[in-house]
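Residue numbers (the working numbering): 2 to 157. Heads up, the thing below is written out as structure tokens.
Laid out in structure tokens, this is it:
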């Protein structure tokens, strides 16, 4: 296997809070995971990601660089975040062209949702399979492709 370089990530350079549960196999590197969080199997959390206290990230989810998740959130199975919006028609290897995703507190993201680089305010539910392409500034339920406001939710 000449010319092949293997990189074993697993769990490298992670700042863990108290009482965090992680189910392997995972790839967690250069990130910060708050108190009381749960990280399911087959999850990748990349550098510079911050996950707030008591947040659950279910299996097969991918949190790319430049993602920040608030406290008391739920990230469903197979959720994908994107930081490179392909402005040039393809992937950019210039990180200055990437954009952040910021998720507020008490946000639930349904399974297989895709989050483009967006900001999501507190107290939002995103339906399974939704594709969030624009910032969400009003609490409520959002679903569809592209995700649209469905209705308000009762305060927690």
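Glycine is no exception: its CB is placed at the ideal position from the N, C-alpha and C atoms. Since this is a predicted model, take the numbers as computed values, not measurements.
Cβ-Cβ separation between residue 86 and residue 60: approximately 26 Å, too far for a contact (criterion under 8 Å).
Sorting 82, 137, 28, 35 by C-alpha distance to the C-alpha of residue 45 places 28 at the top.
When DSSP assignments are scanned along the region 82-136, the uninterrupted stretches of beta strand (DSSP E) that are 3 or more residues long and fall wholly within it turn out to be 102-104, 125-127. DSSP places residue 149 in the uninterrupted beta strand (DSSP E) bounded by 149-152. Setting aside the 5 residues that flank it on each side, residue 22 is surrounded in the same chain by 39, each with a C-beta closer than 6 Å to its C-beta; the list follows chain order. Assigned with DSSP and collapsed to three states, residue 41 falls in coil, not helix or strand.
Residue 111 and residue 3 have their C-alpha atoms some 42 Å from each other. Counting the other Cβ atoms within 10 Å of the Cβ of residue 7 gives fewer than 16, which makes it exposed.
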